[in-house]
Amino acid sequence: MPFDLDKFTGLASRSVYEAMLRGHTKGGSLKLALKLLSMAKESNRVLDTGVYAKLILELGKDPDKSTLMLVLLEELAVRDDLNLTPQDCTAIMKICIRLGRFEIVEGLYDWFRKSGGNPTSNRLLDLPAYRVVIKFFVALNDLSRAVRYFSKLKEAGFSPTFDIYCSLIKVYMASGRLAKCKDICKEAEMAGFRFDEQQC
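Structure below.
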């Protein structure tokens, strides 16, 4: 007897929908996951934003699916109950930077910062999030904010990675701040990194 997906989902609870979506997303059945998401919307079921995030991350792995991913991101952006893990937020920002969608990165970053600033929230920027945010501001050639978050990264007790040092050198070079480039190179070398012209 063939499986009647429409009949099954008509009887399914929100948690069952979410479990099925997570399973199909994790298993790589993205077409079926998107169909389930569409059926949930048709039946006015509001699913957890984390389910959207996982599907967006899987779609983001395939450049041919960027249009579908951006549609889901737009749906996610209007949700009042946005609740992403720091890892999901960072991963989505990375994908959006790769696609050149800086306005989405900025929106996610603002949400992330505001949720982290709430005394009732346990959210703090982790090292990958700092890396993404610094690279984002470097891509925008926003020296002051790139430097501010470089300082905040260190204040939070993280050690800058080689690529973060390279990003800072690039943004200082673009601003003609050669003395600052030398300072960053010296700091990086004291941390055990070595530079050559091809590396940054």
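First residue of the sequence shown? That's 1 in full-length UniProt numbering, and the numbers climb one at a time after it.
No residue lacks a Cβ here, since even glycine has one placed at the ideal position from N, Cα and C.
Predicted model, so just to flag it, every value in this text is computed and none were measured.
- For the region 14-43, the continuous alpha helix (DSSP H) assignments of 4+ residues that do not extend past its boundaries occur at 14-26, 30-42, in sequence order.
- Note on V71: under 16 other CB atoms within 10 angstroms of its CB, so exposed under the neighbour-count rule.
- Proximity to F136 across W111, R98, G27, M39 peaks at R98, based on C-alpha coordinates.
- Within the same chain, E18 come within 7 Å of D48 by CB-CB distance, once the 5 residues on both sides are set aside.
- Non-local C-beta neighbours of E58 in its own chain, meaning closer than 7 Å and more than five positions away in sequence, comprise T25, L30, ordered along the chain.
- Taking F102 as the centre and dropping the five residues before and after it, the same chain places the C-beta of C96, F136, A139, L140 closer than 8 Å to its C-beta, in chain order.
- Sixteen is the threshold: since fewer than 16 other Cβ atoms of the shown chains lie within 10 Å of the Cβ of M190, the residue is exposed.
- One alpha carbon belongs to M69, the other to I56, and they sit about 5 Å apart.
- Spatial neighbours of V133 in its own chain (CB-CB distance under 8 Å, excluding positions within 5 residues in sequence) are listed in chain order as M93, Y109, L125, Y149.
- For S144, the enclosing alpha helix (DSSP H) has its first and last residue at 143-155.
- For T49, the enclosing alpha helix (DSSP H) has its first and last residue at 49-59.
- With contacts defined by Cβ atoms closer than 9 Å, L153 and L127 form a contacting pair.
- The Cβ-Cβ distance between I164 and Y172 does not fall below 9 Å.
- Contact annotation: A77 and I104 have beta-carbon atoms nearer than 9 Å.
- Across the set L84, S43, G28, the C-alpha of S43 shows the shortest separation from the C-alpha of S13.
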